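To keep things clear, I will list the structure first and then write my remarks on it.
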Ligand SMILES: Nc1ncnc2c1ncn2[C@@H]1O[C@H](COP(=O)(O)OP(=O)(O)O)[C@@H](O)[C@H]1O
Ligand SMILES: [Mg+2]
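Residue numbers (our numbering), protein chains in the order written: chain R, -15 to 228; chain Z, 1018 to 1336.
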């Protein structure tokens, strides 16, 4: 479903160059949940943003369903419609109501009729447990509610894959659970997911595989079992000791 | 909302200062012995003109019928052609059976006309409106060009903005009319509106650029991650939010444009300012006319700012 080969992203600016992602390769098969962990600044966000082309990488390849996203002939908008993304800062459209947040891209990108889009939106709002807020503006919602709307907005496109970049890091602790619950439900239903998170409990419970990144590289990769019981690399051990 | 209960002493102070200022101005004007002629002003808004009605052929007055204040005069030419004209009853100069030559005056009609102050105001308004619409389009395009990833596109917009912002509007109007206007044989109105639009466009471009860049990057990323194209994301996500933020500076720009439009009077467009100058040359009511002209600009700009204020409140619902 997702195949990344030797992805490298170099930032240049003000005379310094940063290899934010340095030769990362991995695959996520259909229905799998892959969790990426690692210290801040290790390149997790940059890598996950390379997967849907929000960040254009300097070297390597990313294939979504076998399609090379960096190929000139690839319509990146079409790929992105198949790849949902949830951000740390929610990024809901503040000038649109909750319902409009969910219908906008359905109508513009999927060319769905308004009625159809609204039905889909309502079903998803119901699923994430905020059906009653459909005509509110995002600023009237709590962080946890906003993030659930953001997840529903991504799901409204019927994506084949969902990417999450620290979806609970900006939330007050009491709201983390409601968002993780939605994500767990998704995982159980067989959604293919790539999740950057610091929630080790989530990783342990739903991940098929865990990647540990540091300084732009994948340092260690394995099942949660392997990871939390018998990590091999020194840096992994050090990191886990700090967060657990 | 602190201190609202103690606002009244300050209001009184304000009133006192204003009254004193008015009195001081009045006193100084009195000293120079200026003859105020306010009664002359209204006719420059609206006036009733007397127009002579003349017979278009040699002929005879067949009959005069009076209805209300008007007299209906029936004329017959030497060839037997009949015509009826209506004139004010009080002003009938002919009597039944009278022989007339072509061009003789039968009587007069009275008609209301907009005076130069109103026609000037109208010119100012449409010139400002046309320049605003064009300036908004130019500014939007130039603003988007300024944030383009392409170096050439970005630089072109930057050069345009620099040139316009670095030269006086008055000089731009002269160049637009006497240089570009001569080369391309432009009408003075086209040159005037064009110069104002290009001028406003440069400032609007900066406002638009700043407005778009003030929208958090995450908005564009969220829209693009849903598969929306760059133009779609701009139209549906970025610009509506940016518009809300740039409405105050944008409206300030357009209010300025109404005032700046007074400069087109130098290329002989009869806007409100030019009308004022023309009236003064024939009446010498200098003080009155300039005060009235200033008040007219002030009324138009205040109405506009009130409207923008209302619009801002309407747009605030999603905050
Ligand atoms: N737009 C950017 N320009 C320059 N450097 C960047 C940019 N985005 C990220 N970086 C750098 O790339 C590295 C990886 O950042 P990031 O992917 O955000 O890490 P993480 O998500 O793991 O905290 C950091 O050193 C960061 O400073
Ligand atoms: Mg990050």
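Cβ atoms here follow ideal geometry from the backbone N, Cα and C, with glycine treated the same way. Computed from a predicted structure; not experimentally measured.
| Item | Value |
| --- | --- |
| Output, in chain order, the set of chain Z residues within a Cβ distance shorter than 8 Å of residue 65 of chain R. | 1243 and 1244 |
| Provide the residue span of the beta strand (DSSP E) that contains residue 178 of chain R, from first to last. | 176 to 180 |
| Residue 84 of chain R: which of Z:1240, Z:1127, Z:1196 and Z:1190 sits nearest, CA to CA? | Z:1240 |
| When every heavy atom of ligand 2 is checked, does at least one fall within less than 7 Å of the C-beta of residue 1238 of chain Z? | no |
| Rounded to whole angstroms, what's the CA-CA distance from residue 1327 of chain Z to residue 32 of chain R? Just pull it up for me. | 44 Å |
| Where does residue 206 of chain R sit, in a helix, a strand or coil, going by DSSP? | strand |
| Mind listing the chain Z neighbours of residue 175 of chain R? Cutoff is C-beta to C-beta under 9 Å, in chain order. | Going along chain Z, no residue has its Cβ under 9 Å from residue 175 of chain R, so there is no contact; the nearest lies around 16 Å. |
| Going along the chain, which residues put their C-beta within less than 6 Å of some heavy atom in ligand 1? | R:-5, R:-3, R:2, R:4, R:22, R:24, R:25, R:26, R:27, R:28, R:29 and R:30 |
| Taking contact to mean 3 or more Cβ pairs, one atom from each stretch, closer than 8 Å, check whether the segment 1246 to 1253 of chain Z and the segment 69 to 76 of chain R are in contact. | no |
| Counting only the same chain and skipping the five closest in sequence on each side, list residues whose C-beta sits under 7 Å from that of residue 1193 of chain Z. | 1208, 1211 and 1212 |
| For the segment 1114 to 1153 of chain Z, which segments carrying the beta strand (DSSP E) assignment without a break, of at least 3 residues, lie completely within its bounds, in sequence order? | 1122 to 1131 |
| Compute the Euclidean distance between the alpha carbons of residue 1140 of chain Z and residue 1072 of chain Z, then round it to the nearest angstrom. | 36 Å |
| Beta-carbon of residue 1235 of chain Z versus every beta-carbon of chain R: anything under 8 Å? | yes |
| Would you mind telling me which residues of chain R sit closer than 8 Å to residue 1257 of chain Z, beta carbon to beta carbon, in chain order? | 79 |
| Using 8 Å as the limit for Cβ to Cβ distance, is residue 36 of chain R near chain Z? | yes |
| So, under 8 Å CB-CB, residue 150 of chain R and residue 180 of chain R are touching, yes? Tell me the CB distance rounded to an integer number of Å. | 5 Å |
| Output the distance between the C-alpha atoms of residue 1106 of chain Z and residue 1128 of chain Z, rounded to the nearest integer angstrom. | 14 Å |
| Closer than 7 Å, Cβ to any Cβ of chain R: which residues of the segment 1207 to 1240 of chain Z, in chain order? | 1235, 1236, 1238 and 1239 |
| Would you mind listing the alpha helix (DSSP H) stretches within the segment 1161 to 1247 of chain Z that are 4+ residues and don't spill past its ends, in chain order? | 1168 to 1182, 1186 to 1191, 1205 to 1230 and 1234 to 1242 |
| Do residue 1189 of chain Z and residue 1220 of chain Z count as a contact pair if the criterion is CB distance below 8 Å? | no |
| Compare the C-beta of residue 14 of chain R against all C-beta atoms of chain Z and say whether one is closer than 8 Å. | no |
| Taking the alpha-carbon positions, what's the residue 983 of chain Z to residue 1331 of chain Z distance? | No answer is possible for residue 983 of chain Z: it lies beyond the span of chain Z, which begins at 1018 and ends at 1336. |
| Say yes only if the C-beta of residue 198 of chain R is nearer than 7 Å to one or more non-hydrogen atoms of ligand 2, and no if none qualify. | no |
| Cβ of residue 39 of chain R within 7 Å of any heavy atom in ligand 2? | no |
| According to DSSP, which residues form a beta bridge with residue 1084 of chain Z? | Z:1087 |
| Please classify residue 40 of chain R as buried or exposed, where buried requires at least 16 neighbouring CB atoms within 10 angstroms. | exposed |
| With which residues is residue 45 of chain R paired in a DSSP beta bridge? | R:-11 |
| Return the chain-ordered list of same chain residues with a C-beta closer than 6 Å to the C-beta of residue 3 of chain R, the five sequence neighbours on each side being excluded. | -6 and 200 |
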